[in-house]
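Take a look at the structure set out below.
Numbering (this note's numbering), first residue to last: 2 to 457.
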């Protein structure tokens with residue numbers, strides 16, 4: 002942890018000692034807009050916290066955490082709580098909860114400070130876009146302070162905060178995914194209309210077909226391994242309902258009236274949403290408390306290999322991190338990166354994300370050059386291109402999502418003797434998939450329902 006923090010400290014000092022709204026970039030970096038550089042920097046803070054959390058939850062690190070005086074006495078009990086404790090699991094999860102508490106507190110504080118910032122002329126804009134070294138010190142201070150929070154009911158209470166926050170961030174992921182799907186389809190359709198239509202049509206058809214083939218394969222795998230002929234009714238309902246919903250949005254996306262209102266609408270967006278919906282469905286089922294309806298990836302691999310000539314892996318091999326957590330972490334990183342650089346032309350998504358339709362440059366990039374360094378161009382003198390407060394609130398929710406993902410959405414027992422999956426996590430993920438499908442459906446039918454508004 003210390004090594005990671007030290008590296009980030011050096012990076013912060015080198016990247017922005019000026020403390021003003023414009024950050025200096027190294028000479029090898031191209032000139033960039035200030036709004037993009039700032040979002041990437043905050044995204045790096047979140048990424049660093051995620052890396053540190055991953056390190057602290059690793060099995061080898063847990064043994065070292067047990068040696069901290071008063072943190073897990075003798076590996077059998079927690080101070081001030083008279084109960085046996087499974088420290089091989091709880092210690093790592095406790096550290097992740099506190100690390101993410103520090104991240105969440107940092108971003109929530111900035112979300113409050115940056116309310117109603119309208120342009121870079123606001124004095125608070127300098128704090129948003131500069132003073133990186135001091136902000137890093139503040140982040141470290143809040144995080145270190147979180148490790149001194151008494152155990153008590155902190156983990157249990159913070160778990161419920163994490164559930165609500167993670168639910169909201171999953172919705173934000175879905176909004177970003179809808180935005181990405183619309184932008185992707187619009188770009189390729191425009192390229193197809195401008196020239197070399199056969200090549201672009203083939204690419205469009207290939208990606209759409211691949212997404213649907215993967216979705217069909219996912220449905221088959223889910224029915225085989227996550228349902229039983231006489232049991233697992235909930236899983237059967239989840240899979241069947243989401244499959245029906247995905248078919249509905251696919252049909253709606255190609256209806257003549259929808260195509261007339263939104264010429265760029267098509268099956269590519271629907272295929273992306275379908276694939277993600279089935280991922281969320283799988284992720285939800287992996288959190289079910291009933292193990293017979295929730296086989297681990299390792300058990301599925303062992304079952305598959307036992308039916309073939311390949312020898313199964315040793316039984317002593319233990320999964321310390323679920324596969325869905327790894328996939329969720331990758332999707333999270335891609336969404337944060339996309340949110341940091343996005344410039345969307347989709348009016349409905351821009352309103353949901355509280356951003357402008359486009360980012361206009363102010364000034365010439367070639368003029369932003371000083372003594373071997375590039376200076377990020379301030380493109381927000383007239384108006385900000387994204388809501389500072391809402392962006393930090395998204396990172397606040399992202400911190401809670403990371404906490405729940407790294408801990409597999411497990412809920413600690415009241416006596417801290419074990420951790421277990423909770424039905425709350427299942428319903429949070431399933432309901433978020435339904436809300437996401439409704440949001441995508443709304444982007445399709447809104448121009449027809451609100452015909453007096455311009456959605457071009």
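All residues carry an ideal CB built from backbone N, CA and C; glycine is no exception.
Near residue 170, what residues of its chain come up, given a Cβ to Cβ distance below 6 Å and the 5 sequence neighbours on each side ignored? 398, 399, 402
Below 8 Å between beta carbons: does that hold for residue 294 and residue 212? No. Outside cutoff.
Cβ neighbours of residue 189 in the same chain (closer than 8 Å, five flanking residues each side left out): 201, 204, 205, 269
Under the DSSP definition of a beta bridge, which residues are partnered with residue 232? 229
Mind checking who residue 521 pairs with in its DSSP beta bridge? With the chain covering 2 to 457 only, the question about residue 521 has no answer from this structure.
Rounded to whole angstroms, what is the Cα-Cα separation between residue 445 and residue 434? Just so you know, the alpha carbons of residue 445 and residue 434 end up roughly 17 Å apart.
Start and end residues, alpha helix (DSSP H) containing residue 437: 424-450
Would you check if the distance between the CB atom of residue 225 and the CB atom of residue 440 is smaller than 8 Å? No.
Taking C-beta to C-beta, are residue 251 and residue 260 nearer than 8 Å? no
Could you tell me the alpha carbon to alpha carbon distance between residue 165 and residue 112, rounded to whole angstroms? 18 Å
Excluding the five sequence neighbours on either side, which residues of its own chain have a C-beta within less than 6 Å of the C-beta of residue 277, listed in chain order? 178
Under a Cβ-count criterion, where at least 16 other Cβ atoms within 10 Å of its own Cβ denotes burial, should residue 289 be classed as buried or exposed? buried
On a CA-only basis, which of 241, 98, 196 is nearest residue 151? Give me that one, please. If we check each option's Cα against that of residue 151, 98 comes out closest.
Three CB pairs or more closer than 8 Å across the region 404-413 and the region 113-120: no
State the CB to CB distance for the pair residue 53 and residue 100, rounded to an integer number of angstroms; the pair is presumed to be in contact (CB under 8 Å). 6 Å
So for residue 453, helix, strand or coil by DSSP? coil
Helix, strand or coil for residue 199 per DSSP? If DSSP states are grouped into helix, strand and coil, residue 199 belongs with the helices.
Buried or exposed for residue 453, please, with buried defined as at least 16 other CB atoms from any protein chain shown within 10 angstroms of its CB. exposed
Quick check: the Cα distance between residue 110 and residue 126, rounded to an integer number of angstroms? 15 Å
What alpha helix (DSSP H) runs, 4 residues minimum, are completely inside the region 130-176? 133-147
Tell me where the alpha helix (DSSP H) around residue 289 begins and ends. Looking at the DSSP string, residue 289 is not in any alpha helix (DSSP H), and its letter there is neither H nor E.
With 16 other CB atoms within 10 Å as the buried threshold, where does residue 198 fall? exposed
Per DSSP, residue 213 is paired with what? Looking at the DSSP assignment, residue 213 forms no beta bridge with any residue, so it has no partner.
Identify whether residue 387 lies in helix, strand or coil by the three-state DSSP scheme. strand
With C-beta atoms as the reference, is residue 96 less than 8 Å away from residue 58? yes
Please list, in chain order, all residues of the same chain as residue 148 whose beta carbon is under 8 Å from its beta carbon, the five residues on each side excluded. 96, 99
For residue 95, which of helix, strand or coil comes out of DSSP? helix
So residue 44 is in the alpha helix (DSSP H); what residue range does that whole segment cover? 35-58
Residue 458 - containing alpha helix (DSSP H), residue span: Here the chain has residues from 2 to 457 only, and residue 458 is not among them.
Sequence-distant residues of its chain with Cβ nearer than 7 Å to residue 187 (five each side left out): So the list reads 265, once near-sequence residues are dropped.
Per-residue burial, residue 135 [other beta carbons within 10 Å of its own, 16 or more giving buried]: exposed
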